[in-house]
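See below for the structure under consideration.
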Amino acid sequence: SQQGEEDPQALSIQEGENATMNCSYKTSINNLQWYRQNSGRGLVHLILIRSNEREKHSGRLRVTLDTSKKSSSLLITASRAADTASYFCATSPYNTDKLIFGTGTRLQVFP
Amino acid sequence: NAGVTQTPKFQVLKTGQSMTLQCAQDMNHNSMYWYRQDPGMGLRLIYYSASEGTTDKGEVPNGYNVSRLNKREFSLRLESAAPSQTSVYFCASRGRTGTRNQPQHFGDGTRLSIL
């Protein structure tokens with residue numbers, strides 16, 4: 004079974020709006036990562052947050068991590084049409100070399 | 198710098214045929230991974246290799262075998278293909294050192310259809 008569950012499954016917004024995606028997981032982790040996948044392509048790493056971090060920023064991306072609730076959120080501010088893609092959270096279970104992916108959020112940004 | 202290269206990009210097989218998917222990385226990474234992605238799903242780990250000379254099962258290893266040929270190359274073999282193995286297969290690599298707090302780098306995938 005997959006460790007990460009994402010919410011919502013799909014999200015449609017207008018350019019300039021913010022997009023928030025949530026991820027929940029089940030076990031202790033080394034870190035949590037967010038990836039982006041454009042249609043027909045491989046995954047591209049966006050941001051990694053370690054288990055002892057609570058918030059991290061990268062450009063228009065803001066990630067939070069709450070290990071007590073086993074949840075994370077990804078916020079994309081001032082979205083653009085080019086942000087249209089699927090976004091996946093992935094957790095690195097504690098003391099393993101694996102990544103376990105969630106089922107993803109499909110984001111559509113309308114011009 | 199090519200990153201992670203997968204071959205072939207597309208393949209159609211008949212049930213019962215065998216095939217090997219190739220993956221190579223040029224980033225001197227220690228760990229390599231094989232995933233499958235089914236429509237509307239996230240990625241599921243098939244096998245991984247934490248370092249040259251080791252391989253371990255992931256979530257869905259049945260029907261597959263792997264070989265870590267050297268540090269650069271990690272191949273995935275389907276011995277007797279089944280329609281349930283129709284999927285997009287992704288290879289990834291990670292890390293020049295032992296730390297687990299590093300991202301994975303992905304290839305563009307192999308789209309495999311089994312009739």
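Protein sequences, first through last, are from chains A and B.
Take 4 as the starting number for the first sequence in this note's numbering and just add one per residue.
Take 198 as the starting number for the second sequence in this note's numbering and just add one per residue.
Ideal placement from N, C-alpha and C gives every residue a C-beta, glycine not left out.
Keep in mind the model is a prediction, meaning the values are calculated, not measured.
For residue j and residue i, the rounded distance between their alpha carbons
i	j	result
Arg265 of chain B	Tyr38 of chain A	25 Å
Lys206 of chain B	Asp305 of chain B	8 Å
Thr252 of chain B	Ser246 of chain B	4 Å
Arg57 of chain A	Ser75 of chain A	9 Å
Leu240 of chain B	Ala289 of chain B	11 Å
Lys73 of chain A	Gln214 of chain B	43 Å
Gly255 of chain B	Leu242 of chain B	5 Å
Ala93 of chain A	Thr307 of chain B	21 Å
Met238 of chain B	His60 of chain A	27 Å
Asn262 of chain B	Pro11 of chain A	35 Å
Arg274 of chain B	Tyr28 of chain A	31 Å
Coarse secondary structure for residue i, derived from DSSP in three states
i	result
Ala199 of chain B	coil
Gln36 of chain A	strand
Gln234 of chain B	strand
Ser74 of chain A	strand
Gln282 of chain B	helix
Ala247 of chain B	coil
Asp253 of chain B	strand
Asp305 of chain B	coil
Ala81 of chain A	coil
Asp100 of chain A	coil
Asp86 of chain A	helix
Ser264 of chain B	strand
Thr106 of chain A	coil
Arg63 of chain A	coil
Assumed close pair residue i, residue j - CB separation to whole angstroms, cut-off 8 Å
i	j	result
Ser95 of chain A	Asn33 of chain A	4 Å
Ala84 of chain A	Leu110 of chain A	Not really, about 11 Å apart at Cβ, beyond 8 Å.
Phe271 of chain B	Met229 of chain B	4 Å
Thr108 of chain A	Glu9 of chain A	5 Å
Leu64 of chain A	Ile79 of chain A	6 Å
Closest by C-alpha distance to residue i, when choosing among the options
i	options	result
Ser82 of chain A	A:Arg44, A:Gly62, A:Ser75, A:Leu46	A:Gly62
His226 of chain B	A:Asp100, A:Gly105, A:Pro114	A:Asp100
Asn41 of chain A	B:Gly200, B:Phe303, B:Gln219, B:Val257	B:Phe303
Tyr90 of chain A	A:Leu77, A:Tyr28, A:Ile52	A:Leu77
Val209 of chain B	B:Val257, B:Gln301, B:Gln282	B:Gln282
Met24 of chain A	A:Leu68, A:Thr30, A:Arg53	A:Leu68
Contact with chain D by residue i, beta-carbon distance below 7 Å
i	result
Lys59 of chain A	Judged by its chain identifiers, the structure shown contains no chain D, and its protein chains are A and B.
### Query
Between the region 67 to 98 of chain A and chain B, which residues of the former have a C-beta closer than 7 Å to a C-beta of the latter?
Listed in sequence order: Phe91, Ser95.
### Task
Select from the region 237 to 251 of chain B all residues with a C-beta closer than 8 Å to any C-beta belonging to chain A, and list them in chain order.
Gly237, Met238, Gly239, Leu240, Arg241, Leu242, Tyr245, Ala247
### Query
In the region 33 to 48 of chain A, which residues sit with their C-beta less than 9 Å from some C-beta in chain B, listed in chain order?
Asn33, Asn34, Gln36, Tyr38, Gln40, Gly43, Arg44, Gly45, Leu46, Val47, His48
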